[in-house]
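Visitor:
Numbering (UniProt numbering), first residue to last: 1 to 272.
Shown next, in the form of structure tokens:
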């Protein structure tokens, strides 16, 4: 299937935001100073091989950089791709020397957590990549969706490590530095970060017609909305290139005094 058609299908399958809840209160990280460089990594969606490759590329690209390197993952580690469990296992390992991992929460993490707390209330997840995620944990799916609530909860608890759920629960929803905000989905223009609900930060879609209304002097770096190529403008960068559908995982280097620089890992052939 041509890449453009795959991405068109992917967009139609994307989860739509439901009625907006009250802010959930996930942490917003604030850094007053920049590290040596930041590498933001787009939506992984269970693509472990692509994640490992992009990290290798980042370490090679960062050689010689003065100061600590921050690896900022923009959320959506689970669902749709082949190895969500392996992705979380990897993110829980120590970061390479000289680097720091900062993992942000995406909407798919919320979907998974909601279901694991209460399958009756989180049924939306089953339509949006849960099957691939549960299979990555070795969970037998025959009869799962028709089992009783208690049976489903028992199966979830028996296959998904508590350390993985604790990790998903603990994720902050945004990282801000002077002049830049990194977040999963984006943020509304001219509203301070601390006043944005988690729902907006994890679910919003950008309207290109509203782009001129963005706050000047602030760069928002996000994923969540896939495209065949990254979107880069002075006020907004989107680096979700639909890794699970295209086999392409994108990262971007940000550093004071430098123009943003893109890196893309391609490990497997796109789905056909």
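Even for Gly, the Cβ is constructed at its ideal location relative to N, Cα and C.
Helix, strand or coil: how does DSSP classify residue 116 here?
Guide: Looking at residue 116 - three-state DSSP - the assignment turns out to be helix.
Visitor: Residue 28 and residue 193 - do their beta-carbons sit closer together than 8 Å?
Guide: Yes. Within cutoff.
Visitor: For residue 184 versus residue 122, is the C-beta spacing smaller than 8 Å?
Guide: Cβ atoms of residue 184 and residue 122: not closer than 8 Å.
Visitor: Between the segment 239 to 258 and the segment 38 to 46, do at least 3 Cβ pairs fall closer than 8 Å?
Guide: Cβ pair count under 8 Å is three or more, so yes.
Visitor: Under DSSP, the alpha helix (DSSP H) around residue 200 begins and ends at which residues?
Guide: Residue 200 -> alpha helix (DSSP H) spans 198 to 203.
Visitor: Nearest CA to the CA of residue 236: which residue from 200, 262, 37 and 206?
Guide: Ranking 200, 262, 37 and 206 by Cα distance to residue 236 puts 206 first.
Visitor: Taking 6 Å as the limit between beta carbons, can you name the residues of its chain near residue 23, skipping five residues before and five after?
Guide: With a pLDDT of only 46 at residue 23, under 50, the local geometry of the prediction cannot be trusted, and no value is derived from it.
Visitor: In angstroms with no decimal places, state the Cα-to-Cα distance between residue 258 and residue 72.
Guide: For residue 258 and residue 72, the distance between alpha carbons rounds to 18 Å.
Visitor: Based on DSSP bridge pairs, tell me the residues matched to residue 108.
Guide: Per DSSP, none; premise fails for residue 108.
Visitor: Per DSSP, which residues does residue 72 bridge with? Please list them.
Guide: Answer is 40 and 102, bridged to residue 72.
Visitor: Sort 74, 52 and 98 by Cα distance to residue 64 and report the nearest one.
Guide: Here the closest residue by C-alpha is 98.
Visitor: Out of 78, 262, 106 and 254, point me to the one whose CA is closest to residue 178's CA.
Guide: Nearest option by C-alpha distance: 254.
Visitor: DSSP on residue 54, reduced to helix/strand/coil?
Guide: Three-state result, residue 54: helix.
Visitor: Just the Cα atoms here: how many angstroms apart are residue 189 and residue 204?
Guide: Using only the alpha carbons, I get a separation of about 12 Å.
Visitor: How close, in whole Å, do the beta carbons of residue 113 and residue 165 come, if the pair is a contact with beta carbons under 8 Å?
Guide: Yes, they are in contact, since the Cβ atoms of residue 113 and residue 165 sit about 7 Å apart, within 8 Å.
Visitor: Rounded to whole angstroms, what is the Cα-Cα separation between residue 119 and residue 256?
Guide: Rounded to the nearest angstrom, the two C-alpha atoms are 45 Å apart.
Visitor: Report the three-state DSSP secondary structure of residue 174 (helix, strand or coil).
Guide: DSSP places residue 174 in strand when its eight states are reduced to three.
Visitor: For residue 133, I'd like the list of residues in its chain whose CB is within less than 6 Å of its CB, leaving aside the five on either flank, ordered along the chain.
Guide: Correct list, in chain order: 78, 79 and 84.
Visitor: Should the segment 152 to 159 be called in touch with the segment 126 to 140, which here means at least 3 C-beta pairs below 8 Å?
Guide: With the cut-off at 8 Å, the segment 152 to 159 and the segment 126 to 140 touch.
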